[in-house]
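To keep things clear, I will list the structure first and then write my remarks on it.
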Amino acid sequence: MLLISPDSVEEAIDCAKAAEHLDIVDVKRPEEGSLGANFPWVIREIRDAVPADKPVSATVGDVPYKPGTVAQAALGAAVSGATYIKVGLYGCTTPEQAIDVMRGVVRAVKDYRPDAFVVASGYADAHRIGCVNPLALPDIARRSGCDAAMLDTAIKDGTRLFDHVPPDVCAEFVRLAHQADLLAALAGSVKVADLGALTRIGTDIVGVRGAVCEGGDRNTGRIQPQLVAAFRAEMNRHARQSAAGVAEAS
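The numbering used here applies: residue 34 is where the sequence shown begins, and numbers increase by one.
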């Protein structure tokens with residue numbers, strides 16, 4: 034699945050123009066960090082701006098270890114119209130802290146909307162900020178009752194997912210997630226050139242922003258519908274090649 038992250042209602046309208054090429058519209062606010070949370074009214078307006086059959090995801094933020102605060106924020110995102118709730122475990126230094134936070138989120142969100150989809154998000158460059166190890170995320174997500182485990186990059190300085198977690202380690206992340214019956218999502222300055230590796234390792238959700246913005250700039254560029262379409266075309270091409278390879282091998 035392809036997840037695209039507009040940061041405004043105007044960009045969401047651009048995403049709506051390319052709705053046939055994407056699966057999830059993700060609401061975030063890059064000014065507040067990698068998984069920066071946007072305002073409740075922006076989530077509502079974006080929910081109204083995109084087709085009803087396209088689920089809206091919302092980031093809750095690069096959160097501290099404050100389980101009650103984060104649970105309230107996550108519920109706010111759900112009430113505002115998001116059906117995918119993503120939590121960046123920025124301030125959690127141990128798996129136990131991360132599980133504590135995510136259990137609160139899962140209860141708060143699913144008590145309100147049982148069909149909501151909760152995503153525990155960690156960081157490929159965890160070593161730079163001191164949070165939980167990327168390969169701990171699938172177990173954290175499983176033990177807290179989440180639906181998916183995700184990796185992104187915390188520090189947006191031009192380095193990318195594979196700069197911090199090479200494809201073989203990402204493959205292990207995906208394997209652990211699938212073993213725990215979770216979806217595996219990968220993001221972090223993902224480019225078209227990364228799609229071959231992401232497909233081969235079985236990634237379920239690919240999250241992008243910069244790759245579909247004018248100039249490739251996630252902060253100053255605006256999402257372009259034609260770039261979304263081109264990115265999806267490459268995803269589909271790699272998926273076909275992978276399926277053909279599996280068929281030949283069998």
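Don't be surprised by glycine CBs; every beta carbon is placed ideally from N, CA and C.
Predicted, not measured: the structure shown is a model, and the values here were computed from it.
L55 - DSSP class collapsed to helix/strand/coil: Secondary structure at L55: coil, using DSSP grouped into helix, strand and coil.
Beta-carbon proximity list for I132, same chain, < 8 angstroms, skipping 5 on both sides: Correct list, in chain order: I173, R176 and S177.
For A106: DSSP bridge partner residues: According to DSSP, which records beta bridges pairwise, A106 is partnered with nothing at all.
Cα-Cα separation between S222 and D196, rounded to whole angstroms: Rounded to the nearest angstrom, the two C-alpha atoms are 10 angstroms apart.
Alpha helix (DSSP H) segments (min. 4 residues) lying fully within the stretch 97-178: If one requires a minimum length of 4 residues, the alpha helix (DSSP H) runs lying completely within the stretch 97-178 are 100-112, 128-145, 159-162 and 170-177, in chain order.
Unbroken alpha helix (DSSP H) run spanning A91, endpoints: Taken as a continuous stretch (DSSP letters only), A91 belongs to no alpha helix (DSSP H), being part of the beta strand (DSSP E) at V89 to D95.
Selection from F264, D180, R193 and R80 that minimises the alpha carbon distance to A157: Nearest of F264, D180, R193 and R80 to A157, Cα basis: R193.
A182 - partner residues in DSSP beta bridges: Beta-bridge partners assigned by DSSP to A182: A153 and A217.
Beta-carbon contacts of A82 that lie in its chain and below 7 angstroms, excluding the five residues immediately before and after: Cβ within range, chain order: V42, A45, I46 and A49.
Three-state secondary structure (DSSP) of V83: In this structure, V83 counts as coil in the three-state DSSP scheme.
Through-space distance from R77 to M183, alpha-carbon basis: So the alpha carbons of these two residues sit roughly 24 angstroms apart.
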